[in-house]
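A.B. asks:
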Amino acid sequence: MVEIERKFLISNVQACLDKAIASFPIFQGYLSVDPSRTVRLRIQENNVFLTIKGACSSDGTTRVEWEKQLSINDANTLLPLCLPGGIQKTRHHVPFNEYLFEVDVFEDELSGLVLAEIEIENANQKIELPDWIGMEVTGDKRYFNSHLGIHGIPN
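For the sequence shown, the positions run 3 to 157 when the working numbering is used.
Following this line, the structure appears as structure tokens:
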């Protein structure tokens with residue numbers, strides 16, 4: 003499967019979160035942070051997913067993504083293999099027009115960082131953005147979750 007998405011900082015967190023229709027905690031651990039093949043273990047509520055993401059396109063919008071649901075027992079086996087720098091965040095689903103933004107409020111060492119992602123059908127798709135969206139960081143590898151877990155919030 004190919005994932006096409008854009009990523010943004012949030013300029014008005016409260017205005018954004020006031021519109022959320024769902025929220026849930028997520029933990030992400032990384033088995034590999036090689037830019038050409040990131041391997042992630044994600045635990046959200048009682049669901050566990052192993053995800054492999056390929057290298058990004060030159061504009062940062064597109065990459066291969068493969069995902070498989072695992073059991074909690076599988077997660078417990080893989081967690082000790084994860085690299086240092088796991089990520090804890092709360093994901094909020096925030097609708098805007100016909101779109102659904104996934105807004106991540108990061109915790110622990112990444113506290114204060116809030117990012118919104120939107121999956122789109124093609125890299126050239128024009129979308130209307132809500133007024134709480136800030137600077138676009140699509141393609142800025144410093145804002146990839148795998149990079150944030152190791153290096154922290156970009157300066």
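Backbone N, C-alpha and C define an ideal beta-carbon position, used for all residues, glycine too.
Report the partner residues of Tyr101 according to the DSSP bridge assignment.
C.D. replies: Looking at the DSSP assignment, Tyr101 forms a beta bridge with Phe98.
A.B. asks: Enumerate in chain order the residues of its own chain whose CB-to-CB distance from Lys55 is below 6 Å, with the five nearest sequence positions on each side excluded.
C.D. replies: The residues are Thr40, Arg65 and Glu67.
A.B. asks: Taking the alpha carbon of Thr79 as the reference point, which residue from Pro156, Asp133, Val50 and Ala118 has its own alpha carbon closest?
C.D. replies: Ranking Pro156, Asp133, Val50 and Ala118 by Cα distance to Thr79 puts Val50 first.
A.B. asks: Which residue marks the beginning of the alpha helix (DSSP H) containing Gly151, and which one marks its end?
C.D. replies: From DSSP, the alpha helix (DSSP H) with Gly151 extends over Asn147 to His153.
A.B. asks: Just tell me which of Ile129, Asp133, Leu117 and Met137 has its CA closest to the CA of Leu150.
C.D. replies: Measuring from the Cα of Leu150, the nearest candidate turns out to be Leu117.
A.B. asks: CB-CB under 8 Å to Glu5, same chain, minus the five flanking residues each way: which ones, in chain order?
C.D. replies: So the list reads Lys55, Thr64, Arg65, Val66, Glu67 and Glu121, once near-sequence residues are dropped.
A.B. asks: Could you pull the start and end residues of the alpha helix (DSSP H) that Asp76 belongs to?
C.D. replies: Unbroken alpha helix (DSSP H) run through Asp76: Ile74 to Leu80.
A.B. asks: Among Phe103, Gly141 and Asp110, which residue has its Cα nearest to the Cα of Trp134?
C.D. replies: Residue Phe103 is the option with its Cα nearest to Trp134.
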